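Peer 1:
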Amino acid sequence: MPTNALYDVLYFFKDIHRVVLEFARELDEDQLHWRPRGYSTSIGFHLWHLARESDFLKAIILERTPQLGADFGEPSEIWAREKLAQKWGFPVDLNATVGTGLSDELAATLPIPPKDELIDYLRRSYEAIEVFVQMLDERYPTFEEVDEEMSRKLQNIRLNLLVFLSHDCRHLGMIECLKGLQTGFGSATEKRQV
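86 is the number of the first residue of the sequence shown in my numbering; add one for each residue after it.
#1: Counting along the chain, where does the alpha helix (DSSP H) carrying Trp-173 start and finish?
#2: Ignore the nearest five residues each way along the sequence and tell me which others in Pro-160's own chain have a CB closer than 6 Å to its CB.
#3: Our contact map puts Val-183 next to Glu-138 with C-beta atoms below 8 Å; I'd like the distance itself, whole angstroms only.
#4: Compute the Euclidean distance between the alpha carbons of Lys-172 and Ala-136, then round it to the nearest angstrom.
#5: Might you give, ordered along the chain, the residues of its own chain that have their beta carbon closer than 6 Å to the beta carbon of Leu-263, omitting 5 neighbours on each side?
#6: Would a C-beta distance cut-off of 8 Å place Leu-266 and Pro-151 closer than the cut-off?
#7: Under a Cβ-count criterion, where at least 16 other Cβ atoms within 10 Å of its own Cβ denotes burial, should Thr-274 be classed as buried or exposed?
#8: Report back the beta-carbon spacing between Phe-281 and Ile-214 to the nearest angstrom; my notes put them in contact at under 8 Å.
#9: CA-CA distance, Val-105 and Leu-257?
#10: What residue ranges within the region 219-251 form continuous beta strand (DSSP E) runs of no fewer than 3 residues, ordered along the chain?
#11: Just the Cα atoms here: how many angstroms apart are Phe-141 and His-118?
#12: Going straight from the alpha carbon of Pro-198 to that of Tyr-206, what length do you get?
#13: Using three-state DSSP, classify Thr-194 as helix, strand or coil.
#14: First and last residue of the alpha helix (DSSP H) that includes Tyr-96?
#15: Whole angstroms is fine: what's the gap from Val-231's alpha carbon to Tyr-124's?
#16: Can you tell me whether Asp-253 is buried or exposed? The criterion is at least 16 other CB atoms within 10 Å of its CB, across all chains shown.
#17: So Leu-195 and Phe-175 are supposed to be a Cβ contact under 8 Å. How far apart are they, rounded?
#18: May I have the straight-line CA-CA distance separating Arg-166 from Asp-178, to the nearest angstrom?
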């Protein structure tokens, strides 16, 4: 009898995604775009980066693992399909970036879109990766009953999903800090009476 995964990554993805999205919806445009003096990124940058990373992760997994099957979706990013870089005025040489490894100077120049558009992209990127993880859990709950090559690929996918989960948590911490610097209180989960 196959054993289930030792962790429920889908639950944790949905939980952190819910927290990030609820937190983002509470921000106004000024809070979204504000940066401390001498600091290159805003909350908006972190939200954009989270959307890009989730969008990229699903697409690259599907591109590199066609054995998963067409029902897992297109191996392309929402970002590319909808030409969001062009729509939002990103420099041509940064159209493919997800934000990782950018210099502070470049990160500070990225044209972060308005809140509603940014949150919509983030929500759809999150939904796409959640649907992917759910299908992966249903189709491949274990590494059994697949050949050795596919087993290695599935293990690598699972590892990458955990890495990206911790990545989202780290960026939520940065977002909370940036809001706290603006308002004196930055928790995404604790609510205070105003």
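Note that beta-carbon positions come from the ideal geometry of N, C-alpha and C, so glycine has one too. Source: prediction; values computed, not measured.
Peer 2: Considering the structure as presented:
#1: 169-173
#2: Ala-144, Leu-147, Glu-148
#3: 5 Å
#4: 16 Å
#5: Ile-128
#6: no
#7: exposed
#8: Any question about residue 281 goes unanswered here, given that the chain covers just 86 to 279.
#9: 7 Å
#10: none
#11: 23 Å
#12: 10 Å
#13: helix
#14: 94-110
#15: 48 Å
#16: buried
#17: 7 Å
#18: 17 Å
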